[in-house]
Every structure is written in structure tokens, then in C-alpha cells.
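J.: Under this note's numbering, the sequence shown has 664 at position 362, and the numbering climbs by one with no breaks.
Built from N, CA and C at the ideal position, the CB exists for glycine as well.
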Amino acid sequence: MTKKNKILLWGIILSPFIILFGLVQLTALGLFGDLPAFDQLENPKNNLATEIISEDGVVLGKYFFENRSWARHDELPQSLIDAVLATEDVRFNKHSGVDARALLRAIFGIFIGKSSSGGASTITQQLAKMLFTEQPSSGLGRVMQKLKEWIIAAQLERHYTKDEILVMYLNKVDWVNNAAGIKSAAQVYFNKKPIDLKLEESAVLVGMLKNPSLYNPNRRMNLTQQRRNVVLSQMNRYDFISDSLFDTLKSLPIILDFKMESHNEGPAPYLREYLREELKKWCANHTKQDGSNYNAYTDGLKVHTTINSRLQQFAEEAMKVHISSLQKEFYKHWKGYSKAPFPKDFEWKQINAIIDQGMRRSERYKGLKKAGKSEWR
Numbered sequence: 303m304t305k306k307n308k309i310l311l312w313g314i315i316l317s318p319f320i321i322l323f324g325l326v327q328l329t330a331l332g333l334f335g336d337l338p339a340f341d342q343l344e345n346p347k348n349n350l351a352t353e354i355i356s357e358d359g360v361v362l363g364k365y366f367f368e369n370r371s372w373a374r375h376d377e378l379p380q381s382l383i384d385a386v387l388a389t390e391d392v393r394f395n396k397h398s399g400v401d402a403r404a405l406l407r408a409i410f411g412i413f414i415g416k417s418s419s420g421g422a423s424t425i426t427q428q429l430a431k432m433l434f435t436e437q438p439s440s441g442l443g444r445v446m447q448k449l450k451e452w453i454i455a456a457q458l459e460r461h462y463t464k465d466e467i468l469v470m471y472l473n474k475v476d477w478v479n480n481a482a483g484i485k486s487a488a489q490v491y492f493n494k495k496p497i498d499l500k501l502e503e504s505a506v507l508v509g510m511l512k513n514p515s516l517y518n519p520n521r522r523m524n525l526t527q528q529r530r531n532v533v534l535s536q537m538n539r540y541d542f543i544s545d546s547l548f549d550t551l552k553s554l555p556i557i558l559d560f561k562m563e564s565h566n567e568g569p570a571p572y573l574r575e576y577l578r579e580e581l582k583k584w585c586a587n588h589t590k591q592d593g594s595n596y597n598a599y600t601d602g603l604k605v606h607t608t609i610n611s612r613l614q615q616f617a618e619e620a621m622k623v624h625i626s627s628l629q630k631e632f633y634k635h636w637k638g639y640s641k642a643p644f645p646k647d648f649e650w651k652q653i654n655a656i657i658d659q660g661m662r663r664s665e666r667y668k669g670l671k672k673a674g675k676s677e678w679r
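1) Give me the Cβ distance between Gly509 and Val533, rounded to the nearest whole Å; I'm assuming they're in contact under 8 Å.
2) Which term fits Phe413, buried or exposed, when burial requires 16 or more other beta carbons within 10 angstroms of its beta carbon?
3) Measuring CB atoms only, is the region 423-432 touching the region 471-485, in the sense that at least three cross pairs come out at less than 8 Å?
4) Compare the Cα-Cα distances from His606 to each of Asn349, Ser356, Ala351, Thr352 and report the closest residue.
5) For the beta strand (DSSP E) that contains Val605, what are its first and last residues?
6) Does DSSP put Glu353 in a helix, a strand or coil?
7) Can you look up Ala481 in the DSSP assignment and give me helix, strand or coil?
8) Quick one: give me the first and last residue of the beta strand (DSSP E) that Val360 is part of.
9) Glu390 to Cys585, Cα distance in whole Å?
10) Drop a sphere of 10 angstroms on the beta-carbon of Gln489, count the other beta-carbons inside from all chains shown, and report buried for 16 or more, exposed for fewer.
11) How would you label Trp650, buried or exposed, when you count the other beta carbons within 10 angstroms and need 16 or more for buried?
12) Apart from the five residues just before and just after Thr589, which ones in its own chain have a Cβ nearer than 8 Å to its Cβ?
13) State yes or no: is the C-beta of Arg370 within less than 9 Å of the C-beta of Asn345?
14) Can you find the residues in the same chain that come closer than 7 Å, C-beta to C-beta, to Leu554, ignoring five residues on each side of it along the sequence?
15) Taking Pro519 and Leu558 to be in contact with their CB atoms under 8 Å, please state how far apart those CB atoms are, rounded to whole angstroms.
16) Can you list, in chain order, the residues of its chain with a C-beta nearer than 6 Å to that of Ile543? Leave out the 5 residues immediately preceding and following it.
17) Excluding five sequence neighbours on each side, which residues of the same chain lie with their C-beta closer than 6 Å to the C-beta of Ala481?
18) Could you check the C-alpha separation between Ile653 and Ala673 for me, to the nearest Å?
19) For Leu362 versus Ile609, is the C-beta spacing smaller than 9 Å?
20) Quick one: what does DSSP say Asn566 is sitting in, helix, strand or coil?
21) Of the choices Tyr540, Asn531, Gly483, whose alpha-carbon is the least far from that of Asp549?
22) Can you tell me whether Glu665 is buried or exposed? The criterion is at least 16 other CB atoms within 10 Å of its CB, across all chains shown.
23) Would you mind giving the Cβ-Cβ distance between Thr424 and Ala455, rounded to the nearest angstrom? I have them listed as a contact below 8 Å.
24) Strictly by DSSP, which residues pair up with Asp476?
25) Less than 9 Å separating the beta-carbons of Pro527 and Ile484?
26) Work out the CA separation of Gln427 and Gln447 for me, nearest whole Å.
27) Rounded to a whole number of angstroms, what is the C-alpha to C-alpha distance between Gln659 and Lys641?
Here is the structure:
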């Protein structure tokens, strides 16, 4: 091979990497859209639910746009961390945001048509995508998004420790069914705190990361169990669990304790609704460090009450027992009475006058009157 041909060959081999390097540099300069500023990296936005807490430390309910409560690193079981690393990014502690080895392996796999060569997105890249990039509308947009992910991932690695990145990632993921973040996911699917999750339960939640809607145990149990076993297999492959433990866990059924959370769920609903209105007033008169008002649905406030959760439970159970007998008395009292809810001594003329007055005070009546509509009887 002549010297000229060797130069040409090396040019062909290196040209994709030169082009890629140039695109990365242009992206870093903001040619393909703005990158997050320093303060955005320091304080990434998360919508956190406000928690209403009893005097004995039990969460009575939440106010939220997204049902997300922050979980600290010491609230996460090691089995969950191991499952995430084995499945999503086994070299997480060895790269600086972008795993060049995994990237080259994925590119080579595309060229040879080997779909099992694995993905190239690290946990840090996935976090960058969730925090700072939007869903692209075209193939070219996806390429530009990927370049931004690489740059933002490298920036995140410089600003945060590996543990902090992992915690941010697990708190950001949406597990569907109104379960945003690992703390809500553990509560919604297994009625547990994250630290109390069993290894096989952690594997279920990690398996959902690939596609939470597809691997939703509340809808597709068999498919979810298959995906859980893939996670267990990865943990076994990378020596997080032994062969015997893998054989034991993969045969276990998935046992859920599923309960979707909402604003109306939980004890003391009337108190919580009263507190919601009071909290709105408090937020309107108090500001954060940046000068903006607090938000009852997104700022992760903790509202401590004097309610004892056990006593409240006893009171509500007693109410359910007695309400059935009271309801019978109510039906007995009003049975056959056609003037309800007005007293028995009211004449129909009085009742009709009250109804007519109420109608005339209504906003609907006033609006129709203003529009020139006439009364018809």
C-alpha cells in the first residue's frame, strides 16, 4: 500500500471522529441551542410534593402536581443501587459522564447489525436528558439532543459526586401511576419506604426504567416479571448476586401492594383540605431566597400537625361503624316527605319563594339577564 493510500485510509477512518469532535465543540459554544447556565446546574428544577405530617411522624397526605418526594442516599437500599448499576450503567463509577467504551461498542454494533451490543447512554446522560433537554421532533434533532446530553453530562460530573448524581436520577424518574421518583414508586407499588424494599422488589422498579408504561406490573404482570428477571440476570452477570440467589429470586412471583396516591387519599381529609387553603395564604405571604413565592404543590414543604395518626384512625373507624345506624335514622325520619330539605311546617309558597330567590342570586341567572334573555315560566 502506497503512502498516499495509507493517508487516505486513515483519513476515512478518522473523519467521522473529527466531524463528531467538531459538532461537540459547536454544540458547547451554543450553536445548536442554549445549554443550562451554572445556577441551573447547581439547582436543577424538581417539582416536589408538600407532605402533611402527623405529630407521630406519619405522612397523612400530599399536595402535588407531580407526586414526588425526595429520597436521600441513606434512604436507598444497596440492592436498588446495585440493580441500577448492573442494568443501566455498570461502568458508572469509572467514566466521567460519557462512556467512550460503551459508545464505541454501540456504534460498532450498529454497523455489524448486532442489536445486543448494548446502549451507550450513561446514568448521567439520562439525568441530563430528563433535566435539561426537550423531546426532539426529528432525527437531526435527536442527534443534536445527544450532543447536548454529552456536554451536560460532563458538566454534571464536575458539579456533583457520583452518589449525588445517582440520587438525583432515582428521584427524577417517573414510574407512571402517579409515582414520580423512587420514594413515591416504592410507596405506590409496594406500600414501603425505599430502604425497606426487598432485592426482587428493587429489581421490578429498576426493570421499569426501560419503559415504565410497557413494564407496568399493574397491567402487564408477565412481561414485568420477565423484565425483572433480566435485571436479576444482569446483577448475577456482574457478581452483585450469586448463582444460587439468582435461581431463587427469578422463580418468585411479583407481589404488589398497589395503591395510587391522590390529593383525596389518606386520613383526616377535611383537616387536609382546610390546611390546603391556609397553606395557600401562607405561600402568598412568604418568599424563597430568589424572591418568588412558595408554591404549595411544587416546593416540597413539610407541614407538621397536632393530629395523631393512630387516634385519627380509631376515630374514622368508629365513624364508619356509627354512620350506618345514623343513616337508617335519617331515612326513617325523612321517608315519604316530599318537601325535603325544608322543614315540615313550610308551605309550598314559601319553598318556591326561597328557590326563586336563590335562582335570581345565581351567576348563571345574572349572566342570562345581562345577555338580554327573558324569563319563561
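T.: Considering the structure as presented:
1) 5 Å
2) Here Phe413 scores only 49 on pLDDT, less than 50, and its place in the model should not be relied on; the value that follows carries that caveat. Label assigned to Phe413: exposed.
3) yes
4) Ser356
5) 604-606
6) strand
7) coil
8) Val360 -> no beta strand (DSSP E), and no H or E assigned at all.
9) 39 Å
10) buried
11) exposed
12) Asn595, Tyr596
13) no
14) Glu502
15) 6 Å
16) Met537
17) Ala487, Val490
18) 28 Å
19) yes
20) coil
21) Asn531
22) exposed
23) 7 Å
24) Ala482
25) Note on residue identity: the sequence assigns Gln, not Pro, to residue 527. The answer is no: Cβ separation not under 9 Å.
26) 11 Å
27) 17 Å
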